[in-house]
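Trainee: Structure in structure tokens, see below.
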Amino acid sequence: MYNEQLDMLVTSPLPKDLHNYYKSEDYISHTDSKKSIFDKIYHLVKKYALNKKLKLINSFNLTNKTLLDIGAGTGDFLKVCQQEGWTVNGVEPSSDARNIANSKGISLVEDLKNISHKKYDVITLWHVLEHITNIHDYIRDIKDMLNENGTLIIAVPNYQSYDANYYKEHWAAFDVPRHVWHFSKTSIHKIFKFHQLKVHKILPMKFDSFYVSLLSEKYKTGKMNVIKAFLIGLKSNLKAKAENNYSSLIFIIKKQ
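Residue numbers (our numbering): 454 to 709.
And the structure:
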């Protein structure tokens, strides 16, 4: 369903048993599986992405360096941040993912409500906001936990990217019904403006176009068309340069 006012797509209706769609070995962000070629590619990209994410938050040159990661998965991002001197907390609904994170020395809580009376310099949601059903309540809660000069980092798929338009209903980043919302740059600006939060910068996640195209090829044809997926991912990135419409985008957000 298209929301014209916010320029975004909405998954409707949502299944009543939405939580069951996360109970799958194929949902790789909740496991450390390296069985399939997709798993191995995911972890190669993940390692590169972790370094980029760490470099981004270190660029803020903070003194206290307190970080909350929401949707922390198996804890790898928090682990590298902790090793760099950050004081970290994390939220992850999946008990399996929390157990894996715990084995790495990262203790996560199940729900944002389990963290109270704390303020953070940086709050991150890496490909998480699209999963949140009660999005406005959640943003209000996050805003309350952000220091006055703090930074909110939101990474989401961009349904206006070239690879999304190319693969259409087969685009892997639609990931229905797990993804409730399908954002554009306009929708992120409008939603956060409503909560007196301002987008200060938008950064690309260039590797996402390749991985998403690879998955999309499998969904569309049932085959791993690696070369074609690479070419579509490359074309998506090249076309994205003009209007910054990459497959996934990172939004740097602050209080107004």
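Glycine included, each C-beta is placed from N, C-alpha and C at the ideal position.
Because the structure is a prediction, the values reported are computed rather than measured.
Name the DSSP beta bridge partners of residue 527, please?
Mentor: Looking at the DSSP assignment, residue 527 forms no beta bridge with any residue, so it has no partner.
Trainee: Ordered along the chain, which non-local residues of its own chain (more than five positions away) have a Cβ less than 7 Å from that of residue 525?
Mentor: Counting only Cβ-Cβ distances below 7 Å, and skipping sequence neighbours, we find 531, 543, 544, 545, 554, 561.
Trainee: Would you mind giving the Cβ-Cβ distance between residue 653 and residue 707, rounded to the nearest angstrom? I have them listed as a contact below 8 Å.
Mentor: Confirmed, Cβ separation roughly 6 Å.
Trainee: Provide the residue span of the alpha helix (DSSP H) that contains residue 653, from first to last.
Mentor: No alpha helix (DSSP H) holds residue 653; the beta strand (DSSP E) holding it covers 650-657.
Trainee: Which residue spans inside the stretch 541-605 form an unbroken alpha helix (DSSP H) run of at least 4?
Mentor: Qualifying alpha helix (DSSP H) stretches, in chain order: 548-556, 588-597.
Trainee: Tell me the DSSP secondary structure of residue 708 in three-state form.
Mentor: It is a strand residue.
Trainee: Would you call residue 564 buried or exposed, if buried means 16 or more other Cβ atoms sit within 10 Å of its Cβ?
Mentor: Residue 564 should be labelled exposed.
Trainee: Is residue 678 near residue 614, with beta carbons less than 8 Å apart?
Mentor: Going by C-beta atoms, residue 678 is not nearer than 8 Å to residue 614.
Trainee: Looking at C-alpha atoms only, which residue of 660, 584, 692 is the closest neighbour of residue 628?
Mentor: Taking only the C-alpha atoms, the option nearest residue 628 is 584.
Trainee: Under the three-state reduction of DSSP, which class applies to residue 456: helix, strand or coil?
Mentor: Note: residue 456 maps to strand in three-state DSSP.
Trainee: If you draw a straight line from the C-alpha of residue 656 to the C-alpha of residue 704, how long is it?
Mentor: Straight-line Cα distance between these residues: approximately 7 Å.
Trainee: Going by beta-carbon coordinates alone, are residue 669 and residue 612 separated by less than 8 Å?
Mentor: Not a contact, by the Cβ cut-off of 8 Å.
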